[in-house]
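J.: The structure follows.
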Amino acid sequence: MAKKAADPLARYKAKRDFTKTAEPAGRVEATGKNIFMVQKHDATRLHYDFRLELDGTLKSWAVTRGPSLDPADKRLAVRTEDHPMSYATFEGTIPKGQYGGGTVMLWDRGTWTPEPGKDPRETLEKGHLHFSLDGERMKGEWILIRLKPRPGERNENWLLRKIEDVHAGSSVGLTEKYLTSVKTGRTMNEIAEGDDPPWNSDRAEKSPPRDGEGDQPKAGGGAGRKSAKTPPPRSARSPSPSRGGLKLPAFREVQKATLVDHVPSGSAWLHEMKFDGYRCLLAIAEGQAKIYTRTGLDWSDKFPEIVAAAQELEVGSALIDGEIVKVDDKGSTNFSALQQAISEGGKGLTLFAFDLLEVDGEDLTRLPNIDRKQRLSSLLGEGKPPFILYADHVIGAGEKLFDAMCDAGQEGIISKKADAPYRGTRTKSWLKIKCTRRQEFVIVGWTPSESKARALRALLLAVHEVGKLRYVGKVGTGFSMATLQDLLGRLKKLETKEAPVAVPRSESRGAHWVKPELVAEVAFAEFTGEGSVRHASFLGLRDDKPAEAVVEEKPQPMPETAGDDVKISNPDRVIFPDANVTKGQLADYYRAVAPLMLEWVKERPISLVRCPQGRAKKCFFQKHDAGTFGTHVHHVPVLEKRGNTEDYLYVTDQAGLLTCVQMGTIEFHGWGSRVADIEKADRLIFDLDPDEGLGFEAVKKAAVDLKGHLADMGLQTFPLLTGGKGLHIVVPLAPKAEWPEVKDFAQRFALALSEAEPERFTANLAKAKRKGRIFLDYLRNQRGATAIMPYSARSREHAPVSAPINWNELDEMDSGGRFTVKDVDLLLKRASGRLLQGWGEAEQVLPDL
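Following UniProt numbering, the residues of the sequence shown are numbered contiguously, the last one being 849.
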């Protein structure tokens, strides 16, 4: 008699009493789709259940900190029992007292593919599973590796790690960014307190649909105002306004870069890879998409996959600047390969998006470059890989990026002024630095080949100069046989008897002349003394550029760095005696971090801590200006409670920051709103102020708990080291709520937490009430209140600075003054890498309480 096969779900069933839980007993059943899903599970402790379909069940791991996009992160994944396929749609609550009791969110879903050529059953048994994910949030290559068991260890421990690819990113790019269900758009609090009873498999897919799915619910809700006698209430997010009726944005003239001879230095510049492709504008509006060339032609039909992907982006309307390229298996872009792909139907191409000109009818071109990129990153999120991707950048470190691009055989880099607006012309706020010389030339003729197998020998080239064409030589390499045949066919249609340009007799012998209408992209070593190209190689035809626009590109001298016109008097005056930091060094620090700091401080009412004689001498707080700051510091009239109007200070650029430093400023404190609408907050801050007897460890634990409460309400946050003993929890907001509502939310939240845990927290301002506790300072969230700005120095011992960090770093910090003005290189390096990727970019609104 044959032995009955073991039930792979036996362990799952043994852990559950199906007379008490509505979870399904389940059965082995394959979908044939290789599905995967991740369920965010708040049981004994918060974790993420990662599940892959294999042989009719869901192989499962509990990932304690959730998946990370950073390949350097190795996340512990504890193998758990196989689950039935009917568990795949689970979202709801499991009754307390039952195994796994708590709230469960369907956090991600999609399909998975094992590593080609490997049987996942065999590799899983050996403790190694390499696969690719195509989910709504998790994408690209991942790997699971089983750890060697320790003596007495009961669990089967594995590590989950991201493989380096185009989908890799920062540690906070997943779990800190995505806080809502992919199925219903609900937060953890909404699921826990929703109308649905504890989960029952018979009704898992029968719940009435919400108005929208994805990261943001499209119809509001919420259970109304609730009592603040419990920990922060769980409630729905506010509804987003309708964006119906939006039209496809019209074409705009694109901004062009000026060729220069070397990379600009300093952190006032951000640097991007120079892509070898077709420049374009992508217009999107509610399921429609169109691709414009850089001259305004509609080329949508040439790039069907990119258009289709753009139509699926969850945006109202937008106009995005970018470049369409063909990426090879080494990550390089190649213009010839791009042309070949276009001729074959435009498949397998990628649009790298690097600027955002318009969104939902709002013109963004006046905003600084760094702001537009931040808005673009927030808008695209993960994009639509591999068809639409966000083009990342580094701040400062341009020479290193340029060297890396040249070593990799790339074309070069584009350097952009971080604080510059977008202008539809060629400017010196966008610069291009090339590894090798290359540009467009007009084809004026061709010479025949002596070989019958070759369609032609060389192309004759020219550029426009002072209203007429100037001959610049020949290009005879870089052609494939197919390209030569295509060229010859085009050229014969344009043949003319007269030469359109004067050509030396030695080079015109036997030449066939053509009308100067075709444009060739050519790489070359240099121009000779006679003005001819040397060692030229053909790259392809440029159908997107008119011949009359082709001129010789000559490297220009570098423009001066903005802000250098601010003269710092007494630069040797010692401002921080204990740290031996001078006024000049403080100015150098602010000049270096200006592009980072201006993301938060610009166009915001500010108050200054001025210490003209240094931090050890008399310092004072200033928020108004009697006219002594000059033209780089601006004023915004603010109506005060007494009914009078006062002019408050604000800055817009690096020069404004340096002017304040010249006037003795050490610290910059800012409102929670911008001068464009000071009545609406664009960020929320909870200041954790510990009693004298409490150390920074208590502050860190409190911060993590607050982060969890806010995340359950659907709010992304980041921690800000204040340069002092405390810590700020910052909640970026879309500026929609006015100050009374913002203060009310912050106060209710702080009171609820202090009443739930009175031994740890107080919301009472009185010093006497803080003994052994942490004061949750919510009062910074009211009209006129200020908070220290990111990257501001502090007038304290050792010259500390305020600095944003990500949540994964918090445990490593031993104080709020971890960084000082002497750590400027480290701060810039952190900002240009993955460490702070995505912080401060959330477009979110206050939930109801």
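Cβ coordinates follow ideal geometry from the N, Cα and C atoms, glycine included.
Excluding sequence positions up to five away, which residues of its chain have a Cβ less than 7 angstroms from the Cβ of glutamate 843?
T.: Here residue 843 corresponds to residue number 843 of the sequence shown, with the count starting at 1. Result list for glutamate 843: Ser378 and Ala734, in chain order.
J.: Looking at glutamine 410: is its Cβ nearer than 9 angstroms to the Cβ of methionine 273?
T.: Within the sequence shown, numbered from 1, the residue matching residue 410 stands at position 410. Within the sequence shown, numbered from 1, the residue matching residue 273 stands at position 273. Taking 9 angstroms as the Cβ cut-off, glutamine 410 and methionine 273 qualify as a contacting pair.
J.: Compute the Euclidean distance between the alpha carbons of valine 263 and lysine 434, then round it to the nearest angstrom.
T.: Along the sequence shown, one-based indexing puts residue 263 at 263. Along the sequence shown, one-based indexing puts residue 434 at 434. In a straight line, the C-alpha of valine 263 is about 10 angstroms away from that of lysine 434.
J.: Look at the alpha carbon of lysine 554 and the alpha carbon of threonine 365, and state the distance between them as a whole number of angstroms.
T.: Within the sequence shown, residue 554 is the residue found at index 554, counting from 1. Within the sequence shown, residue 365 is the residue found at index 365, counting from 1. C-alpha separation (whole angstroms): 27 angstroms.
J.: When you compare only the Cα positions, how much space is there between arginine 470 and phenylalanine 275?
T.: In the sequence shown, counting from the first residue as 1, residue 470 sits at position 470. In the sequence shown, counting from the first residue as 1, residue 275 sits at position 275. Approximately 28 angstroms between the Cα atoms of the pair.
J.: Quick check: the Cα distance between glutamate 205 and serine 132, rounded to an integer number of angstroms?
T.: Position 205 of the sequence shown, counting from 1, holds the residue named residue 205. Position 132 of the sequence shown, counting from 1, holds the residue named residue 132. Its pLDDT being 36, under 50, glutamate 205 is placed unreliably in this model, and the coordinates cannot settle the point.
J.: Check whether the Cβ atoms of tryptophan 430 and glutamine 255 sit closer than 9 angstroms, and answer yes or no.
T.: As a position in the sequence shown, residue 430 is number 430, starting the count at 1. As a position in the sequence shown, residue 255 is number 255, starting the count at 1. Yes, these two residues count as a Cβ contact at 9 angstroms.
J.: From asparagine 781 to alanine 746, what distance separates their C-alpha atoms?
T.: Numbered from 1 along the sequence shown, position 781 holds the residue referred to as residue 781. Numbered from 1 along the sequence shown, position 746 holds the residue referred to as residue 746. Taking the straight line joining both Cα atoms gives about 7 angstroms.
J.: Indicate whether valine 731 and glutamine 716 have their beta-carbon atoms separated by less than 9 angstroms.
T.: Taking the first residue of the sequence shown as 1, we reach residue 731 at position 731. Taking the first residue of the sequence shown as 1, we reach residue 716 at position 716. Yes, these two residues count as a Cβ contact at 9 angstroms.
J.: Report the option in Gln613, Asp814, Ser537 and Asp543 whose CA atom is closest to the CA atom of proline 571.
T.: The residue given as residue 571 occupies position 571 in the sequence shown. Among Gln613, Asp814, Ser537 and Asp543, the Cα nearest to that of proline 571 is on Gln613.
J.: For asparagine 155, does the three-state DSSP call read helix, strand or coil?
T.: Taking the first residue of the sequence shown as 1, we reach residue 155 at position 155. Note: asparagine 155 maps to coil in three-state DSSP.
J.: Below 7 angstroms CB to CB, which residues in the same chain sit around glycine 726 once its five sequence neighbours on both sides are set aside?
T.: The count along the sequence shown starts at 1 and reaches residue 726 at position 726. Once the five neighbours on either side are set aside, the close Cβ partners of glycine 726 are Asp687, Leu688, Asp689, Pro690, Val699 and Gly816.
J.: Using beta carbons (cut-off 9 angstroms, strictly below), is serine 86 in contact with chain D?
T.: The chain inventory of the structure shown lacks chain D, comprising one protein chain alone.
J.: Does DSSP put glycine 489 in a helix, in a strand, or in coil?
T.: As a first step, residue 489 is located in the sequence shown; it is residue number 489 there, counting from the start. Residue state, collapsed to three classes: helix.
J.: Buried or exposed for methionine 481, going by 16 or more other Cβ atoms inside 10 Å?
T.: For the purposes of this step, residue 481 is taken as residue 481 along the sequence shown, with counting starting at 1. So methionine 481 counts as exposed.
J.: Between aspartate 578 and the ligand COA, is the CB less than 8 angstroms from at least one heavy atom?
T.: Looking for the ligand COA in the displayed structure turns up nothing, as the structure carries no ligands at all.
J.: Run through DSSP, which three-state label would glutamine 439 get?
T.: In the sequence shown, counting from the first residue as 1, residue 439 sits at position 439. DSSP places glutamine 439 in strand when its eight states are reduced to three.
J.: Using a Cβ-Cβ cutoff of less than 6 angstroms, which residues in the same chain neighbour glutamate 156 once the five nearest sequence positions on both sides are dropped?
T.: Mapped onto the sequence shown, residue 156 falls at position 156. The answer, listed in chain order, is Arg79.
J.: Name the two residues that bound the continuous alpha helix (DSSP H) containing threonine 123.
T.: Start at 1 with the first residue of the sequence shown, and residue 123 comes out as number 123. 120-126 is the extent of the alpha helix (DSSP H) around threonine 123.
J.: Rounded to a whole number of angstroms, what is the C-alpha to C-alpha distance between cysteine 619 and leucine 608?
T.: For the purposes of this step, residue 619 is taken as the residue at position 619 of the sequence shown. For the purposes of this step, residue 608 is taken as the residue at position 608 of the sequence shown. Distance between the alpha carbons of cysteine 619 and leucine 608 is about 10 angstroms.
J.: Write down the C-beta distance between asparagine 369 and alanine 418 rounded to the nearest angstrom, noting that I regard them as a contact closer than 8 angstroms.
T.: Counted from its first residue, the sequence shown places residue 369 at position 369. Counted from its first residue, the sequence shown places residue 418 at position 418. 6 angstroms between Cβ atoms; contact.
J.: Using only the alpha-carbon positions, how far apart do isoleucine 395 and leucine 270 sit?
T.: Along the sequence shown, read from residue 1 onward, the residue named residue 395 stands at position 395. Along the sequence shown, read from residue 1 onward, the residue named residue 270 stands at position 270. Their Cα atoms are separated by approximately 4 angstroms.
J.: With C-beta atoms as the reference, is tryptophan 671 less than 9 angstroms away from arginine 604?
T.: Translated into positions along the sequence shown, residue 671 becomes position 671. Translated into positions along the sequence shown, residue 604 becomes position 604. Yes; because the gap between Cβ atoms is below 9 angstroms, this pair is in contact.
J.: Identify which residue in Asp653, Ser569, Leu596 and Gly322 has its Cα closest to the Cα of proline 421.
T.: Locating residue 421 in the sequence shown gives position 421, counting from the first residue. Minimum Cα distance to proline 421 is reached at Asp653.
J.: So, helix, strand or coil for proline 740, using DSSP?
T.: Counting from 1 along the sequence shown, the entry for residue 740 is found at position 740. Correct three-state label for proline 740: helix.
J.: Considering Cα atoms alone, identify which of Leu649, Gly127 and Glu115 is closest to glycine 784.
T.: In the sequence shown, counting from the first residue as 1, residue 784 sits at position 784. Minimum Cα distance to glycine 784 is reached at Leu649.
J.: For glutamine 556, which residues of its own chain have a beta-carbon under 6 angstroms away from its beta-carbon, when the five flanking residues on both sides are left out?
T.: Counting from 1 along the sequence shown, the entry for residue 556 is found at position 556. Cβ neighbours of glutamine 556 beyond the five flanking positions: Thr258 and Val260.
J.: Return the Cβ separation of leucine 488 and alanine 520 in integer angstroms, given the expectation that the two are a contact with Cβ distance under 8 angstroms.
T.: Stepping through the sequence shown from its first residue, residue 488 is reached at position 488. Stepping through the sequence shown from its first residue, residue 520 is reached at position 520. With 8 angstroms as the limit, leucine 488 and alanine 520 do not qualify as a contact, their Cβ atoms being about 14 angstroms apart.
J.: What is the DSSP secondary structure of tyrosine 390, reduced to helix, strand or coil?
T.: In the sequence shown, counting from the first residue as 1, residue 390 sits at position 390. Residue state, collapsed to three classes: strand.
J.: From the DSSP output, in three-state form, read off proline 198 for me.
T.: Stepping through the sequence shown from its first residue, residue 198 is reached at position 198. Any reading at proline 198 needs caution, since the residue's pLDDT is 47, under 50, leaving its predicted position unreliable; the model's value is listed next. Proline 198 falls in the coil class under three-state DSSP.
J.: Using the C-alpha atoms, what's the distance from arginine 137 back to valine 501?
T.: As a working note, residue 501 is residue 501 in the sequence shown. As a working note, residue 137 is residue 137 in the sequence shown. Valine 501 and arginine 137: Cα-Cα distance of roughly 57 angstroms.
J.: How is the alpha helix (DSSP H) around proline 637 delimited, first residue to last?
T.: If you number the sequence shown from 1, residue 637 lands on position 637. Looking at the DSSP string, proline 637 is not in any alpha helix (DSSP H); the run it does join, the beta strand (DSSP E), is 634-639.
J.: Could you name the residues of the same chain whose beta carbon sits closer than 8 angstroms to that of aspartate 647, not counting the 5 residues immediately before and after it, in chain order?
T.: Position 647 of the sequence shown, counted from the start, is the residue given in the question as residue 647. Once the five neighbours on either side are set aside, the close Cβ partners of aspartate 647 are His624, Asp625, His635, Val636, Pro637 and Val638.
J.: Per DSSP, which one or two residues make a beta bridge with tryptophan 107?
T.: Looking up residue 107 in the sequence shown gives position 107. For tryptophan 107, which the question treats as bridged, DSSP gives no partner whatsoever.
J.: From the DSSP output, which residues share a beta bridge with leucine 459?
T.: Taking the sequence shown and counting its residues from 1, the one referred to as residue 459 is at position 459. DSSP, once it has assigned bridges, lists Trp446 and Val475 as partnering leucine 459.
J.: Within 10 Å of its beta-carbon, does aspartate 355 have 16 or more other beta-carbons around it, so buried, or fewer, so exposed?
T.: Indexing the sequence shown from 1 puts residue 355 at position 355. Aspartate 355 should be labelled buried.
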